[in-house]
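Contents: one structure, followed by commentary.
Numbering (the numbering used here), first residue to last: 67 to 242.
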């Protein structure tokens, strides 16, 4: 079974980048057994269609716009997402959901997929995360790792550990 953890979002829009930061954090700080792909999908949206067709299971990391406290974490099967609205309706969310619709229309088997989403505090032109998401980031990562355990994927921490601030800095200053 081929499994991918897909982070979507835009690091230029504050909390919208949480899925991207989470994927970078997982790639930097953990090894997974059996091996899985961890992919920064950014704002590619519909351009991720092949990714959805080539994998059996997709775990999407993103913000999710629900009427709840900032930092609240949800794990929602993709088929339940119509009506919830990932994030704030940005292009990447529309495209991800359209990928699933297109696969179905083409008669191709749908990958098992779910969104591990976190309610954002602020989506504005700013790199980094709001205080609320910074405080909940470790819980978000633990939610992802715990979910992976349920599908028999083990996460082993790497040394040395790179913290979230360092991960965010690599996006601000890519040549570092």
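Ideal Cβ placement from N, Cα and C applies to all residues, glycine included.
These numbers were taken from a predicted model, which means no experiment stands behind them.
Return the Cβ separation of residue i and residue j in integer angstroms, given the expectation that the two are a contact with Cβ distance under 8 angstroms.
i           : j           : result
residue 88  : residue 132 : Contact doesn't hold; Cβ gap of about 18 angstroms is too wide.
residue 193 : residue 238 : 5 angstroms
residue 102 : residue 70  : 7 angstroms
residue 99  : residue 209 : That pair is no contact at about 19 angstroms.
residue 104 : residue 184 : Going by Cβ atoms, the distance from residue 104 to residue 184 rounds to 17 angstroms, so no, they are not a contact pair.
residue 198 : residue 187 : 4 angstroms
residue 124 : residue 118 : 6 angstroms
residue 191 : residue 78  : 6 angstroms
residue 96  : residue 224 : 6 angstroms
Over the uninterrupted beta strand (DSSP E) stretch that includes residue i, give me the two end residues.
i           : result
residue 70  : 69-74
residue 244 : Beyond the ends of the chain as shown, which are 67 and 242, falls residue 244; an answer cannot be given.
residue 190 : Residue 190 -> no beta strand (DSSP E), and no H or E assigned at all.
residue 105 : 103-108
Over the uninterrupted alpha helix (DSSP H) stretch that includes residue i, give me the two end residues.
i           : result
residue 140 : It is not in any alpha helix (DSSP H) - residue 140 instead sits in the beta strand (DSSP E) that spans 139-143.
residue 236 : 230-238
residue 86  : 84-95
residue 80  : Looking at the DSSP string, residue 80 is not in any alpha helix (DSSP H), and its letter there is neither H nor E.
residue 115 : 115-120
Does the beta carbon of residue i come closer than 8 angstroms to any beta carbon on chain B?
i          : result
residue 82 : Although the question refers to chain B, the structure presented lacks it and comprises just one protein chain.
In the DSSP assignment, what residue or residues form a beta bridge with residue i?
i           : result
residue 183 : 128, 140
residue 223 : 96
residue 123 : 69, 178
The ligand PLP and residue i: does the residue's C-beta get closer than 7 angstroms to at least one heavy atom of that ligand?
i           : result
residue 170 : Absence of the ligand PLP is noted for the structure shown, with no ligands found whatsoever.
Subject >> Three-pair Cβ contact test at 8 angstroms for the stretch 176-185 versus the stretch 137-147 >> reply: yes
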